[in-house]
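Undergrad:
In my numbering, the protein residues as written are 18 to 187.
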């Protein structure tokens, strides 16, 4: 019984940082249902790092992840040399005013010419995407693919703000 209690506490501690506490509790109690995707104002930061070796890239991505987490962002994905972070997904953890801009400033200050950043905000949705077998918790904002395209033309050591427009996802 004590072992079960300690294990649940450990799971809450680990997942409570990135998943809404009610979702963690429901999962531990075996009553987790697939919730509908929810509309929300979402702010995002896409960062790409540059390094000479896989080890250096891994180290830089770890630093980005740590900085993003300290600023209250939900790290949505790591792929290659790119880190995607979001605020407002879920809105149970609303960002402090200006959190996205402070995150971008710190990333540039700490990583200098080894990072480039595109950031933006817009009306989007968050929730589970994919099938029952391999779904994942994520977010979507209109024209996110265009933001990724902008990242490819952004110079290392700089950041650009991406305007998503007034589109809405359904």
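Beta carbons are placed, not taken as given, at the ideal position from N, Cα and C, and that holds for glycine.
(1) Let me know the alpha helix (DSSP H) ranges lying completely inside the region 128-171, each 4 residues or longer, listed in chain order.
(2) Out of 59, 24 and 100, state which residue places its alpha-carbon closest to the alpha-carbon of residue 139.
(3) Using three-state DSSP, classify residue 64 as helix, strand or coil.
(4) Per DSSP, which one or two residues make a beta bridge with residue 94?
(5) So is residue 180 buried or exposed if we call it buried at 16+ other beta carbons inside 10 Å?
(6) When we look at the beta-carbon of residue 77 and count the other beta-carbons within 10 Å, is it buried (16 or more) or exposed?
(7) Please state the DSSP three-state secondary structure of residue 55.
(8) Does residue 93 pass the burial test, meaning 16 or more other C-beta atoms within 10 Å, or should it be called exposed?
(9) Which whole-angstrom value is the C-beta distance of residue 61 and residue 101, which I expect to be below 8 Å?
(10) Hey, how far is the Cα of residue 173 from the Cα of residue 71?
(11) Quick check on DSSP: helix, strand or coil for residue 179?
(12) Helix or strand or just coil, what does DSSP make of residue 190?
(13) Please classify residue 64: is it buried, with 16 or more other beta-carbons within 10 angstroms of its beta-carbon, or exposed?
(14) Indicate whether the contact test is met: 3 or more Cβ pairs, each with one atom in the region 164-171 and one in the region 80-93, closer than 8 Å.
(15) Do residue 131 and residue 68 have their beta-carbon atoms positioned less than 8 Å apart in this structure?
(16) Answer yes or no: does any C-beta atom of chain B fall closer than 8 Å to that of residue 165?
(17) Count the other CB atoms within 10 Å of the CB of residue 175; is the residue buried (16 or more) or exposed (fewer)?
(18) Between residue 104 and residue 116, is the Cβ-Cβ spacing less than 8 Å?
TA: So, from the data block:
(1) 161-170
(2) Taking the first residue of the chain shown as 1, we reach residue 139 at position 122. Considering only alpha carbons, the answer is 59.
(3) One-based indexing of the chain shown puts residue 64 at position 47. Looking at residue 64 - three-state DSSP - the assignment turns out to be strand.
(4) Along the chain shown, read from residue 1 onward, the residue named residue 94 stands at position 77. Note: residue 94 sits in a beta bridge opposite 101.
(5) For this step, residue 180 is matched to residue 163 along the chain shown. Result: exposed.
(6) Here residue 77 is taken as the residue at index 60 of the chain shown, counted from 1. Buried, by the Cβ-count rule.
(7) Residue 55 sits at position 38 when you count from the first residue of the chain shown. Three-state result, residue 55: strand.
(8) The residue given as residue 93 occupies position 76 in the chain shown. Label assigned to residue 93: buried.
(9) On the chain shown, residue 61 is found 44 positions in, with the first residue counted as 1. On the chain shown, residue 101 is found 84 positions in, with the first residue counted as 1. Confirmed, Cβ separation roughly 7 Å.
(10) Walking along the chain shown from the start, residue 173 turns up at place 156. Walking along the chain shown from the start, residue 71 turns up at place 54. Going by the C-alpha atoms only, they are around 18 Å apart.
(11) Here residue 179 corresponds to residue number 162 of the chain shown, with the count starting at 1. DSSP places residue 179 in strand when its eight states are reduced to three.
(12) Absent from the model: residue 190. The displayed extent of the chain is 18 to 187, so no value can be given.
(13) One-based indexing of the chain shown puts residue 64 at position 47. The residue in question, residue 64, is buried, as its Cβ has 16 or more Cβ neighbours within 10 Å.
(14) no
(15) Mapped onto the chain shown, residue 68 falls at position 51. Mapped onto the chain shown, residue 131 falls at position 114. Contact: yes.
(16) Looking for chain B here will not work: only one protein chain is present.
(17) Numbered from its first residue, the chain shown carries residue 175 at position 158. By the neighbour-count rule (16 or more Cβ atoms within 10 Å), residue 175 is not buried but exposed.
(18) On the chain shown, position 87 is the one that residue 104 refers to. On the chain shown, position 99 is the one that residue 116 refers to. Yes, the pair counts as a contact, with Cβ atoms nearer than the cut-off.
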